[in-house]
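Numbering (the UniProt record's numbering), first residue to last: 1 to 297.
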Amino acid sequence: MNKIKAAILGSGNIGTDLMYKLERSDVIELTAVIGIDPESDGLKRAASRGYATFASGIQAIVEHPDIADIVFDATSAKAHVRHAKILKELGKTAIDLTPAARGPFMSPAVNFADHLDAPNVNMITCGGQATIPIVHAVNKVADVVYAEIVATISSKSAGPGTRANIDEFTSTTRRGLEEVGGADRGKALIILNPADPPVMMRNTVYCEVRNMDQAAITGAVHEMVAQVQQYVPGYRLKQDVLFDEEKVTILLEVEGAGDYFEPYAGNLDIMTAAAARIAEQFARHKLSLANRKEANA
Numbered sequence: 001m002n003k004i005k006a007a008i009l010g011s012g013n014i015g016t017d018l019m020y021k022l023e024r025s026d027v028i029e030l031t032a033v034i035g036i037d038p039e040s041d042g043l044k045r046a047a048s049r050g051y052a053t054f055a056s057g058i059q060a061i062v063e064h065p066d067i068a069d070i071v072f073d074a075t076s077a078k079a080h081v082r083h084a085k086i087l088k089e090l091g092k093t094a095i096d097l098t099p100a101a102r103g104p105f106m107s108p109a110v111n112f113a114d115h116l117d118a119p120n121v122n123m124i125t126c127g128g129q130a131t132i133p134i135v136h137a138v139n140k141v142a143d144v145v146y147a148e149i150v151a152t153i154s155s156k157s158a159g160p161g162t163r164a165n166i167d168e169f170t171s172t173t174r175r176g177l178e179e180v181g182g183a184d185r186g187k188a189l190i191i192l193n194p195a196d197p198p199v200m201m202r203n204t205v206y207c208e209v210r211n212m213d214q215a216a217i218t219g220a221v222h223e224m225v226a227q228v229q230q231y232v233p234g235y236r237l238k239q240d241v242l243f244d245e246e247k248v249t250i251l252l253e254v255e256g257a258g259d260y261f262e263p264y265a266g267n268l269d270i271m272t273a274a275a276a277r278i279a280e281q282f283a284r285h286k287l288s289l290a291n292r293k294e295a296n297a
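What follows is the structure in structure tokens.
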């Protein structure tokens, strides 16, 4: 066994971009892309690339349970509440790209190797993936009392699922800032910018800290940026870290790889790249267990 089979549930912007990311994986074999609209661009692209396609939603996995061991859910938070239960009953590992928060939060740069046996893990939000690693880095050296983030994305990169999940975005990202980032208290905002030409994804991270050490904070932030760049090359600081008494402000930009959308859609790229990286860790874990079982047989 060299690869683990996976399917994508949701053929919108995020699911389609993820398809291109998974094609480059050496441990995941993408088998199917599943949606609800047979005329969607995502399903048409998947079919043209040789993947099995279904327009019956979660029912496709119920009827074809052997099609995948890992299922990426790129639908909506409300839909995933129902999907999570079905996927657990089927024994599938769910990688949740919605803000449903039915499983533990995952950020590749923070808790990459955690929860490897969990049936369901949550990728938080695009804003969370961009900012939580930075809050975590600052918290390690300065103790973050309060963290506030503002994620600004282009309206053109926000599909129906993203727009339907605005309330879940703010609550789930806030929880992620606290539970994974380590802030005592968090707050999250998202702005959909209608500018034309479209704007690049921008993120402002504001932290109030107990133990100000400018050199340590600067070093920790730069080190974390380098870690995130390992799987999102377009992730970068917009300027030097800003300090004001016990307050720290970090300005970030995320340029996408342009796999499906234009490079301005860094919000898609950071979610799909993070999900692919976490899934590969799960796949390696599953392959290791399978190979060990074969060796002992």
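Heads up, the beta-carbon is just placed ideally off N, CA and C, and yes, glycines get one too.
Item                                                                                                                                                                           : Value
What are the boundary residues of the alpha helix (DSSP H) that includes G256?                                                                                                 : That residue, G256, is in no alpha helix (DSSP H); it is neither H nor E in DSSP.
Label R102 either buried or exposed according to how many other C-beta atoms from any shown protein chain fall within 10 Å of its C-beta, with 16 as the threshold for buried. : buried
State buried or exposed for S288, treating a residue as buried only when at least 16 other CB atoms are found within 10 Å of its CB.                                           : exposed
Using the Cβ count rule (16 or more neighbours within 10 Å means buried), how would you classify I255?                                                                         : Residue identity check: residue 255 is Glu in the sequence provided, not Ile. The residue in question, E255, is buried, as its Cβ has 16 or more Cβ neighbours within 10 Å.
Under a three-way DSSP split, which group does R24 fall into?                                                                                                                  : coil
Whole angstroms are fine: how far does the CA of D96 sit from the CA of T173?                                                                                                  : 14 Å
Would you kindly work out how many angstroms separate the C-alpha atoms of L9 and V71, rounded to a whole number?                                                              : 7 Å
Less than 8 Å between the CB atoms is what I'm expecting for K88 and P65, so what's the real figure, rounded?                                                                  : No, K88 and P65 are not in contact; Cβ-Cβ is about 13 Å, not under 8 Å.
What is the DSSP secondary structure of D37, reduced to helix, strand or coil?                                                                                                 : coil
Under 8 Å: do the segment 75-84 and the segment 147-157 share three or more Cβ pairs, one atom per stretch?                                                                    : no
How far does the alpha helix (DSSP H) with N139 in it extend, from its first residue to its last?                                                                              : 126-142
Restricting to runs no shorter than 4 residues, where is the alpha helix (DSSP H) found entirely within the UniProt domain "Semialdehyde dehydrogenase NAD-binding" (5-118)?   : 13-22, 41-48, 59-63, 77-89, 108-111
Which of the three DSSP states, helix, strand or coil, is assigned to V205?                                                                                                    : strand
By a C-beta neighbour count over all protein chains shown, 10 Å radius and 16 as the cutoff for buried, is L18 buried or exposed?                                              : buried
Report back the beta-carbon spacing between G266 and M200 to the nearest angstrom; my notes put them in contact at under 8 Å.                                                  : 6 Å
Nearest to G42 by CA position, among F261, A279, K293, is which residue?                                                                                                       : F261
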